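Take a look at the structure below.
In this note's numbering, the protein residues as written are 14 to 97.
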C-alpha cells in the first residue's frame, strides 16, 4: 500500500498523463478525418498531431515507440491519399 504522499503524487501525475493522451488522441482523430475528407489543411493538422504526439512521449504519457508508430501510420495515410 503506497503512502498518502505517494498516492497524491500519482493521482496528480495521472491527471497530467490523461490530459496529454486525450489531446494526442483528439489531434490524431482530427488529422485522420481531414485526410479521409481530402481537406486542404490536412498537412497542417497532421503536423500538429505529430507535435502533440512528440510532446506526450516527452512527458512520458505514452511510450516513445508508441508515438513513433502512430506518427508513421498517420504520415503513411497522408501520403497514400496524396498519390491517389
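Ideal Cβ positions, reconstructed from N, Cα and C, are used throughout, including at glycine.
Note that the structure is a prediction, hence the values are computed from the model and not measured.
With 7 angstroms set as the bound, which would you pick, yes or no: does the beta-carbon of residue i sit closer than that to a beta-carbon of chain C?
i, result
"residue 32", "Among the chains of the structure shown, chain C does not appear; only one protein chain is present."
Would DSSP call residue i helix, strand or coil?
i, result
"residue 79", "helix"
"residue 16", "coil"
In terms of alpha-carbon separation, which member of the options lies closest to residue i?
i, options, result
"residue 58", "76, 69, 45 and 70", "45"
"residue 97", "30, 28, 51 and 84", "51"
"residue 86", "26, 15, 42 and 29", "42"
Using 7 angstroms as the threshold, is the C-beta distance between residue i and residue j below it?
i, j, result
"residue 47", "residue 69", "no"
"residue 63", "residue 37", "no"
"residue 74", "residue 61", "no"
Assuming residue i and residue j are in contact, meaning their beta carbons sit under 8 angstroms apart, how far apart are those beta carbons, in whole angstroms?
i, j, result
"residue 77", "residue 29", "At roughly 17 angstroms, the Cβ-Cβ gap does not stay under 8 angstroms, so residue 77 and residue 29 are not in contact."
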